[in-house]
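Numbering (the numbering used here), first residue to last: 155 to 328. Input: a single structure, listed below in structure tokens.
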Amino acid sequence: MRTRLRLVTLEDAATLAALVRENWDFLAPFEPERAPEYFTAQGQREVLARLLAEHAAGRVVPCVIEHEGAVVGRLTVSGIVRGPLQSGDVGYFVAQAVNGRGVATAAVAELLRTAFAEAPAGLGLHRLQAGTLLSNSASQAVLQRNGFERIGVARRYLRINGSWQDHVLYQRTV
Numbered sequence: 155m156r157t158r159l160r161l162v163t164l165e166d167a168a169t170l171a172a173l174v175r176e177n178w179d180f181l182a183p184f185e186p187e188r189a190p191e192y193f194t195a196q197g198q199r200e201v202l203a204r205l206l207a208e209h210a211a212g213r214v215v216p217c218v219i220e221h222e223g224a225v226v227g228r229l230t231v232s233g234i235v236r237g238p239l240q241s242g243d244v245g246y247f248v249a250q251a252v253n254g255r256g257v258a259t260a261a262v263a264e265l266l267r268t269a270f271a272e273a274p275a276g277l278g279l280h281r282l283q284a285g286t287l288l289s290n291s292a293s294q295a296v297l298q299r300n301g302f303e304r305i306g307v308a309r310r311y312l313r314i315n316g317s318w319q320d321h322v323l324y325q326r327t328v
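Next up, the structure:
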């Protein structure tokens, strides 16, 4: 099994649009509501352009997850804060076809190798945080297998699938 991360490019837009369209029934319970444009190549191109602009400013690291040569998901470190905090938030999804096969676990493990490494090879972060819905035991297992510790429950943390949802928060430090 070969899973790797790479920085997104605008050329990934059509592939990601197809991926979210084909997997929306599987992903919708864990995602914010999305406008119809989100599921088009042009909509994904706009999302990726915003992410890449934030990446250029040092605030986001948007990656695709490749497994056996195919794009099967996305992983993003967002909300990167420098200075004394040196922290970021991790979010990811994988296609239903590879769910439960260790792909997300491997992608998060690869992220950790670069997130905590010093520049120029890494991000030089001290802390990563991730949140999951209370019922998302699969994503919680991905984080736990990668050494994240549960730090608590954030009430009404994110608007997911049309309503404010509680999330379990996890963190991992160097």
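Here a beta-carbon is modelled for each residue, glycine too, at the ideal position from N, C-alpha and C. A quick note: this is a predicted structure, and the numbers were derived from the prediction, not measured.
So who's on the other strand from residue i, going by DSSP bridges?
i	result
I305	Its beta-bridge partners do not exist; DSSP assigns none.
Q319	L312
G285	L323
T259	Note: T259 sits in no beta bridge, so no partner.
L159	I219
Among the options, which has the Cα closest to the Cα of residue i?
i	options	result
G197	L229, A251, R160, A167	A167
I200	F184, V162, A284	A quick correction: the sequence has Glu, not Ile, at residue 200. Closest option to E200, Cα to Cα, is V162.
R175	G227, H209, Q240, Y311	G227
G306	R299, A207, T157, Q325	Q325
L181	L202, L159, R160, A251	A251
G276	R313, Q298, V215, W178	V215
V281	F302, A263, V296	Strictly speaking, residue 281 in this sequence is Arg, with Val absent from that position. It is F302 whose Cα lies nearest to the Cα of R281.
L159	V225, R313, G316, L297	V225
L279	V322, V244, T169, A308	V244
T327	S317, T169, I314, T268	T268
T157	L202, V262, H321, S317	V262
I314	A210, P183, L173	P183
L173	E264, A249, G316	A249
N300	E222, E264, L229	E264
C217	V296, A211, L229	L229
G212	G242, G223, N177, G316	G242
A308	A189, S317, V322	V322
Just the Cα atoms here: how many angstroms apart are residue i and residue j?
i	j	result
A273	I219	22 Å
P238	F247	29 Å
E187	A260	27 Å
T286	E185	11 Å
F270	R304	19 Å
L266	E208	20 Å
Q298	Y311	20 Å
Q319	A284	14 Å
R204	T169	17 Å
A210	G316	31 Å
L202	A171	11 Å
Taking 8 Å as the cut-off, is the C-beta of residue i nearer than that to any heavy atom in the ligand FAD?
i	result
R236	Judged by which ligands are present, the structure shown has none, so any question about the ligand FAD falls away.
Checklist entry - In chain order, which alpha helix (DSSP H) runs of at least 4 residues are fully inside the stretch 176-249? => result List check, alpha helix (DSSP H) in window: 178-181, 195-210.
Next on the checklist: Under 8 Å, with one C-beta from each stretch per pair, do the stretch 250-258 and the stretch 190-198 reach the 3-pair mark?
Outcome noted: The stretch 250-258 makes no contact with the stretch 190-198; the number of CB pairs closer than 8 Å stays below 3.
Checklist entry - Are there three or more Cβ pairs, one per stretch, closer than 8 Å when the stretch 221-241 is compared with the stretch 290-299? => result No: the two stretches stay apart, fewer than three of their Cβ pairs being nearer than 8 Å.
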